[in-house]
Amino acid sequence: MQAGYRAEVERRMKRLYVRLSEKDRRRYAAVEADKLGHGGFEYIAKLFEIDPKTIRQGLKDLEEEQDPAGERIRKKGRKSRLTDHPEWNAVFLDVVREHTAGNPQHGVIWTDLKPREIAQAMTQQVDARVSVRTVRQLLKRNGFSRRQSQKKKSFRSHAQRDAQFQRITQLKAQYLEDGQPVISIDTKKKELLGNFYRDGKL
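The opening position of the sequence shown corresponds to residue 1 in our numbering, with each subsequent residue numbered one higher.
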């Protein structure tokens, strides 16, 4: 039987792969190739368009985490499950993608989802239970900070407010599916003073 996944699964794997760091890509490819057995190396190398040497380096990275007896090296404290599941970072980013905002002036990003909500959404996408502790590690790894609640008088709610954001989300997903670019623009408030500018404060 030839190693391989369905076309739909292959597309999801490639979307996850491109969002991983270089080291996590090697390890993810190695885990998948090893899982498939005979023909797995050639199949994964072709799927991710990488050299088989990259997969072998990923296996080496994983083996270096083991002691000579073949047992995991026990480090101080609990071992993060992200060590065994590097692909979870891409799943996390996929979950929070439509729920992310930030302050372009201070380089701060946040999400309106609670860690428990993220954990539940991730658990539905991976074949394992994702804990809140793991989600907090992912939030920290990706530079998310907790948004402080502010006491401000909100604008009057508009009946079509949710509809317009849902439409934007649908269009964004459609363009990405068709391979078209999607550009997100952050703006900074500035006040023009001739040939100069200053922060837009009064």
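We treat Cβ as the ideally placed atom computed from N, Cα and C, and that holds for glycine.
Bear in mind the structure is a predicted one, so any value in this text is a computation, not a measurement.
Please classify residue i: does DSSP put it in a helix, a strand, or coil?
i, result
"alanine 101", "strand"
"isoleucine 118", "helix"
"isoleucine 109", "strand"
"glycine 4", "coil"
"valine 182", "coil"
Compute the beta-carbon to beta-carbon distance between residue i and residue j, rounded to the nearest angstrom, for a pair I have assumed lies under 8 Å.
i, j, result
"arginine 27", "aspartate 61", "6 Å"
"alanine 101", "glycine 58", "That belief does not hold up - the Cβ atoms of alanine 101 and glycine 58 are roughly 34 Å apart, past 8 Å."
"glutamate 98", "threonine 169", "6 Å"
"threonine 134", "arginine 81", "5 Å"
"proline 86", "aspartate 24", "4 Å"
"isoleucine 44", "glutamate 32", "5 Å"
At what residues does the alpha helix (DSSP H) containing residue i begin and finish?
i, result
"glutamine 137", "132–141"
"valine 96", "88–96"
Quick one: any contact between the stretch 13–33 and the stretch 86–98, if contact means 3 or more CB pairs under 8 Å? yes
Any chance you could list the alpha helix (DSSP H) runs of at least 4 consecutive residues sitting entirely within the stretch 7–71, in chain order? 7–19, 22–36, 40–48, 52–63
Would the stretch 170–181 and the stretch 124–131 be scored as touching if the rule is three or more Cβ pairs under 8 Å? no
Kindly confirm or deny that the stretch 106–122 and the stretch 139–146 touch, where touching means at least three C-beta pairs closer than 8 Å. Of all C-beta pairs linking the stretch 106–122 to the stretch 139–146, three or more are shorter than 8 Å, placing the two stretches in contact.
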